[in-house]
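In the order they appear, the protein sequences are chains P and S. Be aware that the first sequence starts at 200, since it is given in this note's numbering, and climbs by one per residue. Be aware that the second sequence starts at 42, since it is given in this note's numbering, and climbs by one per residue. Notes follow once the structure below has been shown.
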Amino acid sequence: MRTLRDVDPLVLASILALLAIGVAMVYSAGAIYAADVHGSEAHYIKRHAVFAVIGLCAMTGMAMIPYQKWRPWTYPMLLGVTALLVLVLVPGVGVTMGGATRWLPAGPIFLQPSELAKLALVIYLAYSLEKKQSHIGTFAIGILPHLVFAGLVLALILVEPDYGTTMTLSALLFVMMFVAGVRVQHLAALLAVALPAAWLVLMGAEYRRVRITAFLDPWAHQADSGFQLIQSWLAFRAGGAVGVGLGESQQKLFYLPAAHTDFIFSVIGEEFGLVGVLLVVCLFALFVYRAVKVSIDAPDLFGRLLGVGLGLLIGMQAGINMGVVTGLLPTKGLTLPLISYGGSSLVLTMAMLGVLLNVTAQARQRTVLATGARSPLQRISSGRKRARAGGLDASWTTG
Amino acid sequence: MNGNRSGSYRRPGSKSRHIRAQTARLRAERDVRPRRVDGTQAPDGLAMRARASAVLLLFFLGFAAIVGRAGWLAVGPDPRLTDRLAGQHERVVTVAPQRGSIVDRLGRPLAVSVELDSVFADPSMVEDSDAAAELLAPLLDREQEDLRARLAREGTRFVWLARQVPTHVADQVDALDIPGVRITQEAHREYPAGPLAGSMLGFVGTDGQGLEGLEARFDTSLMGEVVEYRMLRDGRRRPVNADAVLSRRSTEGHTLVTTLDHSIQHRAELSLSEAMTKYKAIGGQVIALDVQTGAILAMASAPGFDPNHFRGVDPASFRSQGLSVVYEPGSTMKPFVIAEVLDQKLATRDEEIYCEKGAYRIGRRTVHDAHPHATLTVDGVLQVSSNIGLTKLGERLGPKALEEMFRRYGFGAKTGVELREEKGILHPSSSWSRIGFATHTFGQGMAITGLQLASGFAALVNGGVAVQPHLVTEVRDTDGLIVEDRRPPMGERMISEATSVDMRAMLGLVVEDGGTGIRARLDEYTSGGKTGTAQKVKDGRYAPGIYVSSFIGFAPRDNPRVVVLAVLDEPKGKHYGGTVAGPIVKEVLTHAMRELGVVPDRENEKVPDVIAEVEAAQATLREEAAARAAEAAEEDEAEVATDDGTLPVLADAGPWAMPDLTGRPLREAVAVLGPAGVDLQLDGAGLVVNQTPAVGEPLASAQTVTLGLQFRGQSKSVH
């Protein structure tokens with residue numbers, strides 16, 4: 200219980216705020232579609248609410264488990280996830296939706312092993328990067344094992360196909376290795392090889408090329424491949440500075456594809472305008488900033504990398520989703536964490552956040568609480584002065 | 042909080058010492074990190090912080106890019122976005138309203154729109170065409186095999202199964218709920234009275250647009266406003282909440298309230314058609330007009346047509362003869378001349394006119410009366426319809442005043458009624474020959490439409506005020522509110538009220554014993570009228586034995602309500618207007634009086650008792666004798682002044698007066714005008730058709746004389 204009380208309040212607050220926005224927006228964006236497809240306006244919101252409650256339970260539960268307990272599960276989890284990812288690809292087992300085979304039937308719901316893979320991969324990288332810390336400067340030990348293991352998982356996800364997740368996890372791999380202290384020269388060399396390779400993969404298939412060209416000039420393809428992006432842009436245009444008001448979106452009336460999942464950010468942009476966009480972006484920024492800043496004070500390297508990795512993973516997924524719907528990044532099927540309707544993936548996301556919260560709790564118990572600050576707000580306001588007064592490095596205590 | 046600096050009560054020293062110790066301990070913890078094998082220092086907390094900060098910086102840059110991008114999308118100057126957004130969600134759905142009705146003056150329907158159910162199928166959605174055909178065949182009363190073939194038709198998504206079926210059949214089909222078989226509504230225009238008033242109502246085309254008659258003239262009003270609903274459209278191009286909008290079928294075209302009286306119209310058509318059969322006429326018309334307002338109560342036209350089945354009908358029948366047929370009116374014009382003479386006090390009713398014992402020379406031509414009279418009072422001139430009497434009375438007016446009078450009543454011009462009409466022919470008096478001037482006084486040399494005559498006649502007897510003939514009084518909306526009140530204003534005064542009263546009395550004499558129109562006499566109502574029998578002009582000449590027979594009457598005599606004109610074109614056997622058209626007027630007038638609730642003001646001579654029957658029989662005999670006398674009297678009218686073929690003499694009207702040169706070749710005109718020394722201006726070639734100055738005007742030396750010339754056959758006008 201002590202742990203729960205000590206979780207970082209700003210991380211928790213941003214999570215809950217985003218979750219609340221998500222509940223409202225899933226209802227607003229999905230009601231028409233739900234009524235049309237499922238015969239009930241409340242089809243998505245009911246399920247989303249249920250998953251949100253389950254997610255809150257999962258998050259609480261995970262927050263109570265000391266993150267150190269995941270260490271021994273690193274390889275079993277990685278193996279299990281790999282097995283599931285392989286299982287997805289077995290014909291007749293994996294469920295195909297929209298041309299992608301990403302799901303396993305698990306009772307009443309569909310399980311997406313790539314969601315599990317995110318947690319497993321972060322734990323693996325945190326564990327492995329900590330363990331190989333003494334040889335982190337070498338390519339063979341500091342980089343290669345991670346490339347191989349993570350690469351295997353990424354390859355399995357890539358062939359589903361799930362480019363969004365592949366892209367997110369690839370970026371995460373680099374960022375975690377970077378934070379863990381891998382040599383910058385190695386990473387630069389790696390990027391020099393990986394980026395052209397990624398480009399080749401991207402342009403290797405006709406339908407992916409179509410996506411890229413649509414991304415580069417959606418106006419030229421607004422009737423077909425560029426339609427979704429143009430419609431997303433029009434949502435922001437319709438919203439303007441202050442939006443058309445909650446529930447008033449017209450773009451969600453089947454102009455936006457999957458308004459309640461992948462393009463929910465566009466609906467926010469339409470209904471709440473730039474104000475809403477700014478609010479959501481700021482909440483994610485606050486979340487990432489706090490997650491990284493607090494986790495870095497975790498008692499051990501595993502915890503630090505785990506916290507930083509999880510925070511960056513969620514932040515990256517959000518950034519990529521928002522980049523996609525605004526046309527900064529090529530179109531990918533990727534949900535906006537905590538906000539999009541996502542069923543089981545919401546639960547898994549929140550479970551990961553539970554792990555993160557535990558990291559923040561332990562970090563704060565170790566540092567901030569030891570400095571005597573009673574509340575985070577108090578600490579923020581007083582930290583700098585205290586640091587000046589005490590001649591301390593500001594970054595230490597302000598966190 | 043600023044206690045640290047002031048160093049007062051918060052034990053600053055111990056606190057900062059505590060923090061420093063803590064910090065040192067943390068640093069020490071990190072420093073126990075093992076050395077790397079390559080000899081470099083493993084990243085301590087600070088190095089990791091720096092790297093994490095770098096990553097965070099990248100993140101914030103990314104987030105800032107997203108906000109910037111969203112801002113540009115939201116409010117940036119990109120016309121493509123603005124243009125594309127405009128109208129993307131709107132869909133304009135037009136709802137065509139149900140066409141409005143046309144009703145008579147009492148609201149009885151003449152033209153209505155009904156929605157009939159039709160059954161159609163989308164063959165691509167029909168699962169079992171055999172079973173469907175078997176179910177539908179008995180319901181729709183169609184061949185099962187035919188239905189099956191339609192239901193199984195390839196390459197189409199729409200086939201009619203049965204059009205315009207009764208509602209209960211449509212309901213039964215609907216109840217079967219066969220996939221792909223559906224019901225739709227089709228608008229259908231009904232003319233419940235069949236051919237009644239068809240030539241005025243007109244009809245609509247397949248898309249419901251008015252093609253003829255009132256349907257065409259008031260198409261916009263009847264159609265109503267096509268309502269444009271701007272509704273939200275979703276990404277699949279479906280209107281949002283369309284059901285709610287489309288169910289509002291309150292839109293309906295406006296209703297046209299006509300002046301027509303269903304019952305009088307029916308009587309008029311019946312009487313006309315009976316007379317048409319009896320006299321084997323080639324055409325005919327009956328017009329009943331409210332003398333005070335000019336409202337057209339009835340306008341029958343033969344041959345007629347049924348607007349329900351207009352296809353294949355001769356288009357000439359689409360127009361009412363009262364508007365489309367231009368004919369020479371003959372004696373029905375005489376009352377206008379007499380009224381003008383009386384009104385201008387150029388004669389009195391009892392003044393005796395010398396009637397030349399039946400032959401009156403005008404120049405080298407002669408005007409005849411069939412029954413010679415030495416003298417006739419003005420009343421008598423009208424009663425026996427003396428051409429010579431009229432000629433002499435007309436001379437008191439002069440040609441200019443005569444023409445002006447005709448034009449004042451609207452002859453030679455369109456009446457302004459709501460339908461397409463002819464304006465008739467009235468040449469300027471300047472072009473009249475002397476004999477032409479004479480014939481104009483008894484209605485020859487000009488051509489009119491029936492409606493012109495009826496409306497002019499109304500002014501003669503209604504107290505002297507012109508009326509505007511019209512067919513539509515109001516345009517009403519669905520709620521019965523008047524959208525447009527089309528009742529015309531009072532017209533101008535034509536003659537004094539006193540003259541009008543005189544005219545009623547004089548025209549009354551026409552239907553009394555000794556008059557030409559006793560067959561038009563009403564049994565229960567006092568009345569008046571005038572016969573008209575004109576020889577038809579064929580190929581520029583009066584054709585013997587071919588007549589236009591007409592009668593125009595009004596009732597009651599002292600307070601006229603209705604004027605009725607009946608015209609038969611080329612009746613066979615008999616041709617006198619009083620005989621052929623008079624009975625039609627009698628029937629229609631009587632019916633109109635009853636229909637309008639006019640109290641009978643004349644004792645019915647047919648009293649049902651023995652003595653009365655005997656007296657009635659005697660009266661009938663007397664009437665028949667009188668009718669024979671009337672027919673004899675009427676012969677006057679058919680007589681036309683005949684051309685004796687000699688050249689008009691220039692010296693007739695003074696030293697130098699303009700002669701009548703019309704109909705003369707240019708050669709002769711030059712020969713006649715030569716001695717006068719005038720400056721001759723010629724327009725055209727052939728025979729002289731008009732001249733300036735007019736006949737009888739003085740000619741001065743070197744005066745300009747303009748002659749209009751045309752070859753024979755270029756104009757059908759007769760002078």
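Don't be surprised by glycine CBs; every beta carbon is placed ideally from N, CA and C.
S395/S burial status per 10 Å Cβ neighbour count (16 or more: buried): One detail in the question is off: residue 395/S reads as Tyr in this sequence, not Ser. Classification for Y395/S: exposed.
Whole runs of the beta strand (DSSP E) within the segment 316–404 of chain S, excluding any shorter than 3 residues: Listed in chain order, the complete beta strand (DSSP E) runs (minimum 3 residues) inside the segment 316–404 of chain S are 324–331, 337–343, 393–395 and 400–403.
Contacts that L122/S makes with chain B (C-beta to C-beta distance below 7 Å): Among the protein chains of the structure shown, namely P and S, there is no chain B.
Chain-ordered chain S contacts of Y488/P [CB-CB under 7 Å]: In chain order: L97.
Cut-off 7 Å between Cβ atoms - residues of its own chain near F199/S, not counting five sequence neighbours on either side: Same-chain partners within the cutoff: F161 and D163.
Check whether K398/S and A415/S have beta carbons under 8 Å apart: It is a contact, given that the beta carbons lie within the stated cut-off.
Q751/S to G430/S span [Cα, whole Å]: Cα-Cα distance, rounded: 33 Å.
Neighbouring residues, chain P, relative to A106/S (Cβ below 8 Å): Those within 8 Å of A106/S in chain P are G522 and L527.
Residue environment, Q424/S, which counts as buried when at least 16 other CB atoms sit within 10 Å: Sixteen is the threshold: when 16 or more other Cβ atoms of the shown chains lie within 10 Å of the Cβ of Q424/S, as they do, the residue is buried.
Segment contact, 8 Å Cβ cut-off, at least three pairs: the segment 357–376 of chain S with the segment 340–347 of chain S: Output reads yes: the segment 340–347 of chain S touches the segment 357–376 of chain S.
Where V552/S falls: helix, strand or coil (DSSP): If DSSP states are grouped into helix, strand and coil, V552/S belongs with coil.
Short Cβ contact (8 Å threshold) for L533/P with T548/P: Taking a C-beta distance under 8 Å as the contact criterion, L533/P and T548/P do not qualify as a contact pair.
Residue of V167/S, I219/S, L176/S and H229/S minimising C-alpha distance to E195/S: The shortest CA-to-CA distance from E195/S to any of V167/S, I219/S, L176/S and H229/S is the one to V167/S.
Neighbour list for L473/P in chain S, Cβ cutoff strictly below 9 Å: Under the 9 Å cutoff, chain S gives V108, A111, G112, A115 and V116.
4-residue-minimum alpha helix (DSSP H) runs that sit fully inside the segment 525–581 of chain S, ordered along the chain: Within the segment 525–581 of chain S, the runs of alpha helix (DSSP H) that reach at least 4 residues and sit entirely inside it are, in chain order, 538–551.
Identity of the residues DSSP links to Y588/S by a beta bridge: Its beta-bridge partners are Q576/S.
Beta-bridge pairing of E231/S - partner residues as DSSP gives them: In DSSP, E231/S forms a bridge with V153/S.
C-alpha distance - G112/S paired with A216/S, whole-angstrom precision: Taking the straight line from one Cα to the other gives about 56 Å.
Buried versus exposed, by CB contacts within 10 Å (16 or more), T745/S: Of the other Cβ atoms in all chains shown, fewer than 16 fall within 10 Å of the Cβ of T745/S; this residue is therefore exposed.
Those residues which DSSP pairs with W432/P across a bridge: None; W432/P has no bridge partner.
A127/S: contacting residues in chain P (beta-carbon distance under 7 Å): Result: empty, since nearest Cβ-Cβ is about 10 Å, beyond 7 Å.
Proximal chain S residues relative to L511/P, where beta-carbon distance stays under 7 Å: Correct list: V96.
Touch test, the segment 613–625 of chain S against the segment 508–525 of chain S, Cβ-Cβ under 8 Å, three pairs minimum: The segment 613–625 of chain S makes no contact with the segment 508–525 of chain S; the number of CB pairs closer than 8 Å stays below 3.
Status (buried if at least 16 other CB within 10 Å, exposed otherwise) for W776/S: Because chain S spans 42 through 760 in this model, residue 776/S falls outside it and cannot be assessed.
Residue interval of the beta strand (DSSP E) (run including V200/S): Start and end: V200 to V206.
Nearest-angstrom Cα separation, counted from R461/S out to R449/S: Approximately 21 Å, taken between the alpha carbons.
Nearest to M402/P (by Cα), restricted to the options Y362/P, L211/P, I429/P and T525/P: For the residues Y362/P, L211/P, I429/P and T525/P, the minimum Cα distance to M402/P belongs to Y362/P.
Straight-line Cα distance separating Q509/S from I403/S: Going by the C-alpha atoms only, they are around 37 Å apart.
Per-residue DSSP class, three states only, for P179/S: P179/S sits in a helix when the DSSP states are folded into three classes.
Touch test, the segment 468–475 of chain S against the segment 345–356 of chain S, Cβ-Cβ under 8 Å, three pairs minimum: No, the segment 468–475 of chain S does not touch the segment 345–356 of chain S.
Contact set between F250/P and chain S, taken where Cβ atoms lie within less than 8 Å: Going along chain S, no residue has its Cβ under 8 Å from F250/P, so there is no contact; the nearest lies around 26 Å.
Below-8 Å beta-carbon distance, A440/P vs any chain S residue: So yes, A440/P belongs to the interface.
Where V374/P meets chain S, residues with beta-carbon distance less than 7 Å: Annotation: Cβ neighbours of V374/P in chain S (cutoff 7 Å, chain order): V96.
Contact with chain P by F100/S, beta-carbon distance below 8 Å: Flagged as an interface residue toward chain P: F100/S, by a C-beta distance shorter than 8 Å.
Interface flag, W269/P vs chain S, CB-CB below 8 Å: Interface residue (Cβ-Cβ distance to chain S less than 8 Å): W269/P is not classified as such.
Cut-off 7 Å between Cβ atoms - residues of its own chain near S369/P, not counting five sequence neighbours on either side: Residues of the same chain with a CB within less than 7 Å of the CB of S369/P, apart from the 5 flanking positions on each side, are L353 in chain order.
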